[in-house]
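Report on one structure; see the data block that follows.
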Amino acid sequence: MLVEDFEDKHVVVIGLGYVGLTLGAYLSELGFQVHGVEIRDLVLDSLNKGEAFFWEPKLDELIARNIEKGSLTYSKEIPESNHKRVFIITVGTPIDKDKNAILHSITNVSAQVAEAMNDGDMVILRSTVKLNTTTNIVKPILESSGKNFDLAFCPERTLEGAALMELGALPQIVGAASSRARDRAANFFQQVTPNVVNVSNIETAEMIKLVDNMQRDVYFAVSNEVAHLCNSQPIRASEVISAGKLGYKRTNLASPGPVGGPCLEKDSYLLSESMEGFGGLARIAIAARATNENVITEASEFISNWINKNVVKSRKKVVVLGVAFKGVPETNDLRGSPSITLMDSLSKILGDADIYCWDPVIPHSELELLGFRSGSTLSQVLLDTSAIILVNNHPYFDNIDLVSISESSDGPLLIYDFWGRNDQNLFLAGNKQYYSWGNHSKGSFGVGGKN
Ligand SMILES: NC(=O)c1ccc[n+]([C@@H]2O[C@H](COP(=O)([O-])OP(=O)(O)OC[C@H]3O[C@@H](n4cnc5c(N)ncnc54)[C@H](O)[C@@H]3O)[C@@H](O)[C@H]2O)c1
Numbered sequence: 162m163l164v165e166d167f168e169d170k171h172v173v174v175i176g177l178g179y180v181g182l183t184l185g186a187y188l189s190e191l192g193f194q195v196h197g198v199e200i201r202d203l204v205l206d207s208l209n210k211g212e213a214f215f216w217e218p219k220l221d222e223l224i225a226r227n228i229e230k231g232s233l234t235y236s237k238e239i240p241e242s243n244h245k246r247v248f249i250i251t252v253g254t255p256i257d258k259d260k261n262a263i264l265h266s267i268t269n270v271s272a273q274v275a276e277a278m279n280d281g282d283m284v285i286l287r288s289t290v291k292l293n294t295t296t297n298i299v300k301p302i303l304e305s306s307g308k309n310f311d312l313a314f315c316p317e318r319t320l321e322g323a324a325l326m327e328l329g330a331l332p333q334i335v336g337a338a339s340s341r342a343r344d345r346a347a348n349f350f351q352q353v354t355p356n357v358v359n360v361s362n363i364e365t366a367e368m369i370k371l372v373d374n375m376q377r378d379v380y381f382a383v384s385n386e387v388a389h390l391c392n393s394q395p396i397r398a399s400e401v402i403s404a405g406k407l408g409y410k411r412t413n414l415a416s417p418g419p420v421g422g423p424c425l426e427k428d429s430y431l432l433s434e435s436m437e438g439f440g441g442l443a444r445i446a447i448a449a450r451a452t453n454e455n456v457i458t459e460a461s462e463f464i465s466n467w468i469n470k471n472v473v474k475s476r477k478k479v480v481v482l483g484v485a486f487k488g489v490p491e492t493n494d495l496r497g498s499p500s501i502t503l504m505d506s507l508s509k510i511l512g513d514a515d516i517y518c519w520d521p522v523i524p525h526s527e528l529e530l531l532g533f534r535s536g537s538t539l540s541q542v543l544l545d546t547s548a549i550i551l552v553n554n555h556p557y558f559d560n561i562d563l564v565s566i567s568e569s570s571d572g573p574l575l576i577y578d579f580w581g582r583n584d585q586n587l588f589l590a591g592n593k594q595y596y597s598w599g600n601h602s603k604g605s606f607g608v609g610g611k612n
């Protein structure tokens with residue numbers, strides 16, 4: 162069946178952030194009639210120009226085309242309609258400074274949907290939430306309207322930077338409040354992806370999303386634990402990990418490095434909070450978070466100690482490279498950026514240092530608008546620096562000629578690479594030194610080496 166003839170083709174997406182805008186544009190391209198609702202002017206202003214307020218491959222193209230066609234419309238409030246509609250809630254679900262879920266966007270938006278929906282509409286919660294949020298918070302608000310509705314929780318599981326490609330390919334988890342709602346939501350997502358996975362209830366679907374992100378955080382934490390342990394030994398974590406898994410599939414560790422982004426920094430806390438009052442503890446999730454959060458803390462102490470020991474006060478200039486929260490797939494998202502945490506930490510510890518940053522995706526003018534020091538070219542930013550810190554894993558940094566940079570520097574220079582890209586092949590001497598995360602004690606080179 163063509164989407165145009167599909168009975169649930171009228172969709173309202175509420176919250177046009179990274180998730181909602183991408184999903185809305187994708188659905189409109191498939192033939193759905195999509196209306197996006199967003200309260201932030203910045204988001205609406207960029208839509209008025211036919212583009213997204215963030216960078217996601219091919220997204221601007223879809224937005225411009227579907228706004229032009231009239232299949233993607235938007236406003237600040239939910240418009241009235243006589244059509245049967247599907248409301249998809251994609252508002253943010255951040256945590257506060259005590260790591261507790263902030264719920265007001267979910268409650269506000271549920272009240273707006275309760276007011277705007279008609280009898281027989283479907284509501285799909287897609288934001289990542291603490292367990293039981295759909296049933297205990299969203300459902301009673303919708304029920305207070307006295308209207309009949311179908312309710313489902315269908316989590317977003319795409320990767321920023323690859324979202325449009327993944328939306329049509331990833332299995333879509335569907336958990337619903339009734340078998341009718343489950344069939345309806347499954348039918349809806351079958352128009353989007355060939356793989357729909359129905360689960361027993363809403364809570365199972367909520368849990369799957371939390372477990373997905375907890376597992377990913379734990380996966381990185383194991384490697385960061387290895388790096389933390391190797392830092393005190395003359396052993397390179399990068400070699401322990403790469404050599405240890407050569408031809409040996411039972412050990413499959415990631416590269417150690419900073420873990421950031423808007424999801425991993427919060428979702429294990431949402432999982433942990435979900436268990437409060439139930440006697441369960443998300444022990445591994447919380448230990449993994451602490452291990453990943455320690456990466457920047459431990460590295461910034463090491464970096465500041467090196468600078469304080471080797472660089473005179475007047476020459477303390479640090480350049481942080483790769484400010485987006487990740488480099489692969491590339492993004493300009495600064496939420497949960499390890500570089501920003503690192504810059505804050507270094508400026509607190511060092512006090513008197515000049516801290517600059519540069520990113521291959523985010524223009525220097527944008528970084529400067531946000532209050533960071535930057536420059537129009539990498540070589541301009543690197544001028545007279547005493548420390549170069551490679552933070553994210555953008556491939557642009559694989560090819561920087563660190564040897565010539567260090568040769569042209571006339572003072573002490575620390576090159577610190579969180580990803581250990583040059584652990585095996587960069588030998589600096591004297592007051593120019595190379596270190597990496599997981600290699601703070603300088604693993605010595607013996608008979609081994611690259612094969
Ligand atoms: N970013 C990702 O790649 C990703 C991936 C999977 C899941 N998630 C989850 O999806 C959810 C959304 O994430 P995001 O990154 O898109 O967040 P976001 O903060 O970028 O977007 C949320 C948007 O909702 C808007 N909003 C809030 N209240 C509103 C209201 N009452 N009416 C209209 N708009 C309103 C905000 O202004 C904001 O633009 C979160 O729960 C997140 O954990 C995100």
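Read left to right, the sequence shown gives residues 162 to 612 (our numbering).
Ideal Cβ positions, reconstructed from N, Cα and C, are used throughout, including at glycine.
Should residue i be labelled buried (16 or more other beta-carbon atoms within 10 Å of its own) or exposed?
i	result
Ser-569	exposed
Lys-487	buried
Arg-582	buried
Arg-341	exposed
Gln-541	exposed
Phe-439	exposed
Ser-236	exposed
Gly-610	The predicted model places Gly-610 with a pLDDT of 39, which falls under 50 and marks its position as unreliable; any figure quoted below should be read in that light. Classification for Gly-610: exposed.
His-196	buried
Lys-603	exposed
Glu-229	exposed
His-265	exposed
Gln-376	exposed
Asn-297	exposed
Arg-287	buried
Thr-412	exposed
Leu-530	exposed
Asn-374	buried
Comparing alpha-carbon positions, which option in the options lies nearest residue i?
i	options	result
Gly-231	Ile-468, Val-484, Ile-464, Gly-211	Gly-211
Phe-349	Ser-306, Asn-560, Val-284	Val-284
Val-420	Pro-499, Asp-494, Asn-471	Pro-499
Ile-549	Asp-515, Gln-585, Leu-163	Asp-515
Leu-587	Ser-602, Leu-563, Ile-239	Leu-563
Lys-474	Asp-259, Glu-529, Leu-511	Leu-511
Asp-166	Gly-185, Gly-181, Val-174, Phe-193	Phe-193
Ile-369	His-389, Val-335, Ile-256	Val-335
Leu-431	Leu-184, Lys-260, Gly-197	Lys-260
Lys-509	Asn-466, Glu-527, Pro-521	Asn-466
Pro-355	Glu-190, Ala-225, Pro-332	Pro-332
Ile-302	Glu-321, Gln-273, Pro-255	Gln-273
Asn-385	Leu-320, Ala-448, Pro-423, Arg-345	Ala-448
Leu-543	Ile-576, Pro-524, Ser-526, Ser-393	Ile-576
Whole angstroms are fine: how far does the CA of residue j sit from the CA of residue i?
i	j	result
Gln-594	Gly-418	19 Å
Ile-468	Thr-538	24 Å
Pro-316	Met-504	33 Å
Val-401	Thr-268	48 Å
Ala-404	Asn-600	15 Å
Asn-554	Val-489	6 Å
Leu-390	Val-456	12 Å
Ala-460	Trp-598	7 Å
Ile-566	Pro-573	12 Å
Ala-324	Glu-217	8 Å
Tyr-517	Val-372	37 Å
Leu-414	Val-387	10 Å
Lys-470	Ser-399	26 Å
Ile-249	Ala-313	10 Å
Val-360	Thr-289	17 Å
Val-472	Trp-519	22 Å
Ile-464	Arg-496	23 Å
Val-379	Arg-450	8 Å
Asn-227	Leu-163	17 Å
Glu-462	Arg-534	21 Å
Gly-253	Asn-309	26 Å
Thr-234	Ile-445	44 Å
Val-174	Arg-246	10 Å
Val-484	Ala-186	27 Å
Ser-215	Tyr-179	Strictly speaking, residue 215 in this sequence is Phe, with Ser absent from that position. Their Cα atoms are separated by approximately 8 Å.
Gly-181	Glu-304	24 Å
Using a beta-carbon distance below 8 Å, is residue i in contact with chain D?
i	result
Leu-390	Of the protein chains in this structure there is only one, and it is not chain D.
At 3 residues or longer, and completely inside the segment 295-345: list those beta strand (DSSP E) runs for me, N to C.
At a cut-off of 3 residues, the continuous stretches assigned as beta strand (DSSP E) that sit fully inside the segment 295-345 are 310-314, 333-337.
Please go through the segment 479-534 and give each complete beta strand (DSSP E) segment of 3 or more residues, from N-terminal end onward.
Complete beta strand (DSSP E) runs here, min 3: 515-519.
Complete alpha helix (DSSP H) runs within the segment 167-215 (minimum length 4 residues, chain order)
Counting whole runs of 4 or more residues, the segment 167-215 contains the alpha helix (DSSP H) stretches 179-191, 202-209.
If we require 3 or more residues per run, which beta strand (DSSP E) segments fall completely within the segment 212-254?
Within the segment 212-254, the complete beta strand (DSSP E) runs of at least 3 residues fall at 233-236, 247-250.
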